[in-house]
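Okay, so the sequence shown: first residue is 144 according to our numbering, each after it adds one.
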Amino acid sequence: MSKQHQKRVDLVEQRLKEKDWSKADLTQVVGLRSQGTITDLLNKGKGSAELKIKVSKLLGIREPWELFEGN
144 MSKQHQKRVD
154 LVEQRLKEKD
164 WSKADLTQVV
174 GLRSQGTITD
184 LLNKGKGSAE
194 LKIKVSKLLG
204 IREPWELFEG
214 N
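What follows is the structure, encoded as structure tokens:
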């Protein structure tokens with residue numbers, strides 16, 4: 144697992160704790176049917192860019208490129 148991926152996973156897990164959400168809660172809020180998709184995203188980095196952006200927005204995680212867009 145790359146350092147960048149591990150950093151993202153740590154941040155997602157931190158935000159889940161702050162919101163008192165489980166992976167199952169995140170699965171439901173994102174609109175997925177299977178928690179396995181979230182598990183694959185966190186464990187393997189697998190998932191569409193769309194899913195990663197949606198999770199980031201729901202958890203208030205800024206994407207690195209947003210710094211360059213002036214947002």
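All C-beta atoms in this analysis are idealised placements derived from N, C-alpha and C, irrespective of residue type, glycine included.
The structure displayed is predicted, hence computed values, not measured ones.
Check the Cα spacing between V155 and each of G190, A192 and K166: the tightest is with K166.
Sequence-distant Cβ neighbours of D183 in its own chain, meaning closer than 7 Å and more than five residues away, are K189 and G190. In this structure G203 does not touch R151 by the C-beta definition: roughly 13 Å separates them, more than the 8 Å allowed. A direct Cα-to-Cα measurement between D168 and Q178 gives close to 9 Å.
In its chain, beyond the 5 residues on either side, K166, L169 and T170 have a beta carbon closer than 6 Å to the beta carbon of I181.
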